[in-house]
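Here the structure comes first, spelled out in structure tokens, and everything after it is commentary.
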Amino acid sequence: MSNLPIYEMLAQAFAGEGVDTLFSLIGDGNMHWATAMSKIDGMRVFHARHEHCVCGMAMGYHSATGKVGVATVTCGPGVTQIATALTTATRAGVPMVVFAGESPINARWYNQALDQAPLVTATGAHYIRAHSTARMYDSVREAFYVARYERRPAVLGIPYDLQKLPLPGSSEYVSSSSFIPETGRTPPNPGMLGRLVERLAAARRPIIIAGRGAVRSGAQAAIEELAEASGALLATTLPARGMFDHNPYSIGVAGGFSSEIARELFAESDLVIAVGASLTYYTVDGGALFPKAFVAQIDERPRGLKDGMRTADLFVRADAKVGAEAVARELSRGGAKAGFRSSELAQRIALAAPDTAQFAIAPGTFDPRHVVAELDRVIPKDWEMVSGSGHSAYFQTHMRGRRPEQFHVMREFGAIGNSISIAIGVAAAKNNGKVVLIEGDGSLIMHIQELETLKRHGLRLLICVLNDGAYGAEVHKLRQDGLDDSGAIFGRTDLVRSPAVSACGGRQLRISRGSSR
Ligand SMILES: Cc1ncc(C[n+]2csc(CCOP(=O)(O)OP(=O)(O)O)c2C)c(N)n1
Ligand SMILES: [Mg+2]
Numbered sequence: 066m067s068n069l070p071i072y073e074m075l076a077q078a079f080a081g082e083g084v085d086t087l088f089s090l091i092g093d094g095n096m097h098w099a100t101a102m103s104k105i106d107g108m109r110v111f112h113a114r115h116e117h118c119v120c121g122m123a124m125g126y127h128s129a130t131g132k133v134g135v136a137t138v139t140c141g142p143g144v145t146q147i148a149t150a151l152t153t154a155t156r157a158g159v160p161m162v163v164f165a166g167e168s169p170i171n172a173r174w175y176n177q178a179l180d181q182a183p184l185v186t187a188t189g190a191h192y193i194r195a196h197s198t199a200r201m202y203d204s205v206r207e208a209f210y211v212a213r214y215e216r217r218p219a220v221l222g223i224p225y226d227l228q229k230l231p232l233p234g235s236s237e238y239v240s241s242s243s244f245i246p247e248t249g250r251t252p253p254n255p256g257m258l259g260r261l262v263e264r265l266a267a268a269r270r271p272i273i274i275a276g277r278g279a280v281r282s283g284a285q286a287a288i289e290e291l292a293e294a295s296g297a298l299l300a301t302t303l304p305a306r307g308m309f310d311h312n313p314y315s316i317g318v319a320g321g322f323s324s325e326i327a328r329e330l331f332a333e334s335d336l337v338i339a340v341g342a343s344l345t346y347y348t349v350d351g352g353a354l355f356p357k358a359f360v361a362q363i364d365e366r367p368r369g370l371k372d373g374m375r376t377a378d379l380f381v382r383a384d385a386k387v388g389a390e391a392v393a394r395e396l397s398r399g400g401a402k403a404g405f406r407s408s409e410l411a412q413r414i415a416l417a418a419p420d421t422a423q424f425a426i427a428p429g430t431f432d433p434r435h436v437v438a439e440l441d442r443v444i445p446k447d448w449e450m451v452s453g454s455g456h457s458a459y460f461q462t463h464m465r466g467r468r469p470e471q472f473h474v475m476r477e478f479g480a481i482g483n484s485i486s487i488a489i490g491v492a493a494a495k496n497n498g499k500v501v502l503i504e505g506d507g508s509l510i511m512h513i514q515e516l517e518t519l520k521r522h523g524l525r526l527l528i529c530v531l532n533d534g535a536y537g538a539e540v541h542k543l544r545q546d547g548l549d550d551s552g553a554i555f556g557r558t559d560l561v562r563s564p565a566v567s568a569c570g571g572r573q574l575r576i577s578r579g580s581s582r
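Its first residue numbered 66, the sequence shown is counted upward by one per residue in our numbering.
Written as structure tokens, this is what we have:
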């Protein structure tokens, strides 16, 4: 039997998983463990102001590092606060472990008692009731294993009276990493590969869409070569945006955020190949983006039915890089072809404005397209960029020459209010002052208290607020349905004078029409 209390041993187990950064908000359920964590050599602990944001920061930290994000909240009300963050992380495939206490198992009554498991599992996260003192290490390992292997959040619920008992037995902690199956990259089935090559050889207007799977697999060069050999145009999903910006045949983001010329070219396409892209509802714009195309998918985990729609007509199960290389190799036997490509088209793509819609610009305000173009000009290309929510996030997709690995976006659950904490997680990971958050005003203000966290921890973050004084996305929808839009218009908050902004001591720069800077 070890003399140390379980909470100490649990902190050691987290360190054994390679955890070096923790986002925390403490209460009864986690304060012993969180304090033990803070004493571990080299551990960085960030104390936030809302549990939702504690998780958001861990999600941003994962996005910036690829490591499992780790957050801690107290039992009961700490856990009820994180339902939105857990769902967002589940939908975005974020590996995260949340250490949550549980109410004391031996107490007759405890005001914060709550059956946490159904709440957590409803979000799609994994819940572990760690009630066996003998199996505490197994519970930590299971949490990290699920997070890493299934790419989703896991919540550890440990009654806090148990945390104070001594750990029975004194075995060494063995990290979950050693249990993750090493299988190497998946090669394609030759028969399916042959069918895809045949389709591609016959296609006149092919377009390849690369997704997050292509980013993870390092498939960019292989996809560009395949596109060149087959005369295909290149596009990406929103999370993979920027991958082909340097390529003259890149048409940017596929889906609801597509540019006008991308929509036109997709509409003509006879073959779309998705590589490492799951073809969500948004990527295919609800099925409206490429109505004439035969669709093929190269993916480690092809799915026939996704978001209520048929995803593709032909599936090749393969790693994105190995799959793209194999198709290019087979195709090259027939020689390169022009496909969709011509120098005239490259010129049209180069000159096309992403969005030429005409709308009135109210006096004293800017056209958001011009604002984003100017931000693109002045913000160095190597900065990490965190995307906000609301309709203003669309304009940000017009920025060019920024790597997808440095673009942080988690929109799958459609919740606003996440991006400030995601950005803080990225800033904590990078710690270099080269992080920008571009966010809507409604979403930012939802969790603006985290400016204080930024200040207290001395983190540097540039926040650009597209302040239309409204829940702009909702204004559009209300007007479309002929409803009164006043419930979505709150007016432009004076961020310069706002107590939250001045309390954080941040520098504010209000840019309005006619100002010189
Ligand atoms: C948590 C949550 N609450 C409400 C909504 C509904 N909603 C969607 S977009 C939006 C407006 C966002 O406003 P803002 O951040 O200012 O961005 P804008 O659309 O104005 O650019 C709202 C309220 C939501 N998606 N998530
Ligand atoms: Mg707004």
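Even for Gly, the Cβ is constructed at its ideal location relative to N, Cα and C.
Nearest-angstrom Cα distance between residue i and residue j?
i: residue 260; j: residue 339; result: 15 angstroms
i: residue 92; j: residue 177; result: 11 angstroms
i: residue 83; j: residue 268; result: 48 angstroms
i: residue 562; j: residue 408; result: 53 angstroms
i: residue 240; j: residue 229; result: 23 angstroms
i: residue 529; j: residue 153; result: 23 angstroms
i: residue 474; j: residue 516; result: 20 angstroms
i: residue 393; j: residue 263; result: 12 angstroms
i: residue 311; j: residue 202; result: 48 angstroms
i: residue 509; j: residue 329; result: 34 angstroms
i: residue 594; j: residue 555; result: Lying before the first or after the last residue shown, residue 594 is absent from the chain, which here runs from 66 to 582.
i: residue 217; j: residue 105; result: 26 angstroms
i: residue 471; j: residue 422; result: 29 angstroms
i: residue 248; j: residue 384; result: 11 angstroms
i: residue 521; j: residue 501; result: 19 angstroms
i: residue 469; j: residue 169; result: 45 angstroms
i: residue 560; j: residue 245; result: 47 angstroms
i: residue 95; j: residue 232; result: 17 angstroms
i: residue 411; j: residue 397; result: 23 angstroms
i: residue 479; j: residue 68; result: 47 angstroms
i: residue 189; j: residue 428; result: 46 angstroms
i: residue 545; j: residue 180; result: 42 angstroms
i: residue 558; j: residue 538; result: 17 angstroms
i: residue 438; j: residue 215; result: 38 angstroms
i: residue 542; j: residue 553; result: 10 angstroms
For a quick check, are the C-beta atoms of residue i and residue j less than 8 angstroms apart?
i: residue 364; j: residue 375; result: no
i: residue 287; j: residue 361; result: no
i: residue 195; j: residue 234; result: no
i: residue 109; j: residue 86; result: yes
i: residue 336; j: residue 271; result: yes
i: residue 466; j: residue 505; result: no
i: residue 413; j: residue 326; result: yes
i: residue 540; j: residue 550; result: yes
i: residue 199; j: residue 192; result: no
i: residue 481; j: residue 507; result: yes
i: residue 499; j: residue 441; result: no
i: residue 391; j: residue 253; result: yes
i: residue 527; j: residue 436; result: no
i: residue 274; j: residue 291; result: no
CB-CB under 8 angstroms to residue i, same chain, minus the five flanking residues each way: which ones, in chain order?
i: residue 370; result: 376
i: residue 548; result: none
Kindly give me the distance between the Cβ atoms of residue i and residue j, rounded to whole angstroms, as I take these residues to be in contact under 8 angstroms.
i: residue 119; j: residue 88; result: 5 angstroms
i: residue 331; j: residue 359; result: About 13 angstroms; that fails the 8 angstroms criterion.
i: residue 341; j: residue 282; result: 6 angstroms
i: residue 280; j: residue 305; result: 5 angstroms
i: residue 255; j: residue 213; result: Actually they are not in contact, since the Cβ atoms of residue 255 and residue 213 sit about 31 angstroms apart, beyond 8 angstroms.
i: residue 284; j: residue 386; result: 4 angstroms
Tell me which residues share the same chain as residue i and place their Cβ nearer than 7 angstroms to its Cβ, disregarding the 5 neighbours each side in the sequence.
i: residue 121; result: 150, 483, 486, 487 and 490
i: residue 102; result: 76, 79, 87, 108 and 110
i: residue 142; result: 177
i: residue 399; result: 266
i: residue 322; result: 303, 459 and 462
For residue i, verify whether its CB is less than 7 angstroms away from any heavy atom of ligand 3.
i: residue 536; result: Absence of ligand 3 is noted for the structure shown, with ligand 1 and ligand 2 being the only ligands found.
Using C-beta distances below 6 angstroms, list every residue in its chain close to residue i, excluding the 5 sequence neighbours before and after it, in chain order.
i: residue 518; result: 113 and 114
i: residue 238; result: 78, 81 and 202
i: residue 97; result: 72 and 228
i: residue 211; result: 191 and 219
i: residue 352; result: 374
Inset, instruction - Check whether the segment 492-501 touches the segment 437-455, taking contact to mean three or more Cβ pairs, one atom from each stretch, closer than 8 angstroms. - result: Touching, yes, given that three or more Cβ pairs across the two stretches are closer than 8 angstroms.
Legend entry - Inter-stretch contact (C-beta, 8 angstroms, three-pair minimum) for the segment 308-321 and the segment 458-466: Taking 8 angstroms as the limit for Cβ pairs, the verdict is that the segment 458-466 does touch the segment 308-321.
Inset, instruction - Decide yes or no for the touch test of the segment 107-121 against the segment 131-147: beta carbon pairs closer than 8 angstroms, at least 3 of them. - result: Yes: at least three Cβ pairs fall under 8 angstroms.
Inset, instruction - Spell out a yes or no on whether the segment 129-140 and the segment 160-167 are touching, meaning 3 or more CB-CB pairs, one atom from each, closer than 8 angstroms. - result: Short answer: they touch.
Inset, instruction - Report yes or no: do the segment 291-299 and the segment 403-419 share at least 3 C-beta pairs separated by less than 8 angstroms? - result: Contact between the segment 291-299 and the segment 403-419 is present, because at least three Cβ pairs lie under 8 angstroms.
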